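Below is one structure, written out as structure tokens; the observations come after it.
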Amino acid sequence: DQQVKQNSPSLSVQEGRISILNCDYTNSMFDYFLWYKKYPAEGPTFLISISSIKDKNEDGRFTVFLNKSAKHLSLHIVPSQPGDSAVYFCAALERSLGSSNTGKLIFGQGTTLQVKP
Amino acid sequence: DTGVSQDPRHKITKRGQNVTFRCDPISEHNRLYWYRQTLGQGPEFLTYFQNEAQLEKSRLLSDRFSAERPKGSFSTLEIQRTEQGDSAMYLCASSLDGLGRSYGYTFGSGTRLTVV
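What follows is the structure, encoded as structure tokens:
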């Protein structure tokens, strides 16, 4: 049962344009959502996160939007650059029952972004 | 500190052999995680440690898999009697307590296992 889904395996955009990567989830107990970027032969690198109590978080060229009613989040990259070409993973953290959480993340399948010069 | 280190980077083994991977986390991080990633999928949680205590194991971690973190520093993941289905990238990550939620953990570059 895939609790976090990235339904687009790939996305191609022109340099300078906006890239929009989408992610859907099914579990309403998710507390935080994170985006990771992965280059070949490297581990995933943390990019940006958003708390479930917010609907937007921005960091430079990267903005994450959360629509809790639709159980949907998206990552916007503006403007896109060729160096952004990578696999992007959406991940979710389940709400903790105690004072701290396990930190266990549930990942989507990833979307490969190609930014063409 | 150079981040999370994993060794080896690549491992090819024959079916039925045992393999062991090592992970050295960021020194001040008390949490260490193991994930497995297969082609076309995102990383899947296997297990995690807080200091030397193994606090949770996924049902993906069959009895052929064992992980240790004996002194709360480096960790090892051993797979006994490897099967072709074990071929995957094994990723280690570390964090300070539950900061994985806001800041994300730091992943290593992974160990790619190929079982032939």
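Line by line, the protein sequences give chains F and W.
Start counting at 1 in the first sequence, then tack on 848, and there's your number in my numbering.
Start counting at 1 in the second sequence, then tack on 129, and there's your number in my numbering.
Note that the Cβ used here is the ideal one computed from N, Cα and C, for glycine as well.
Predicted model, so just to flag it, every value in this text is computed and none were measured.
Residue interval of the beta strand (DSSP E) (run including residue i)
i       : result
V861(F) : 858-862
I922(F) : The residue asked about is misnamed: residue 922(F) is Ser in this sequence, not Ile. Element bounds for S922(F): 920-925.
K885(F) : 878-886
V912(F) : 910-915
L161(W) : 160-166
D153(W) : 148-153
D872(F) : 867-873
Any chain F beta carbon closer than 7 Å to residue i
i       : result
S156(W) : no
L220(W) : yes
E181(W) : no
F236(W) : yes
S224(W) : yes
R198(W) : no
Where residue i falls: helix, strand or coil (DSSP)
i       : result
D932(F) : helix
L953(F) : strand
L901(F) : One detail in the question is off: residue 901(F) reads as Ile in this sequence, not Leu. Of the three classes helix, strand and coil, the one that applies to I901(F) here is coil, per DSSP.
R138(W) : coil
A939(F) : strand
Q183(W) : strand
T960(F) : strand
T176(W) : strand
T893(F) : strand
D907(F) : strand
Cutoff 7 Å: residue i Cβ touching any chain W Cβ
i       : result
E890(F) : yes
T874(F) : no
G931(F) : no
L869(F) : no
Any non-hydrogen atom of the ligand GTP closer than 6 Å to residue i Cβ
i       : result
P927(F) : Annotation note on the ligand GTP: not contained in the displayed structure, which lists no ligands.
Which runs of the beta strand (DSSP E), 3 residues or longer, sit entirely within the region 189-241 of chain W? 194-197, 204-208, 217-224
Under 8 Å (Cβ pairs) to chain F, residues found in the region 167-191 of chain W: Hits within the stretch, in order: G169, Q170, G171, P172, E173, F174, Y177, L184, E185.
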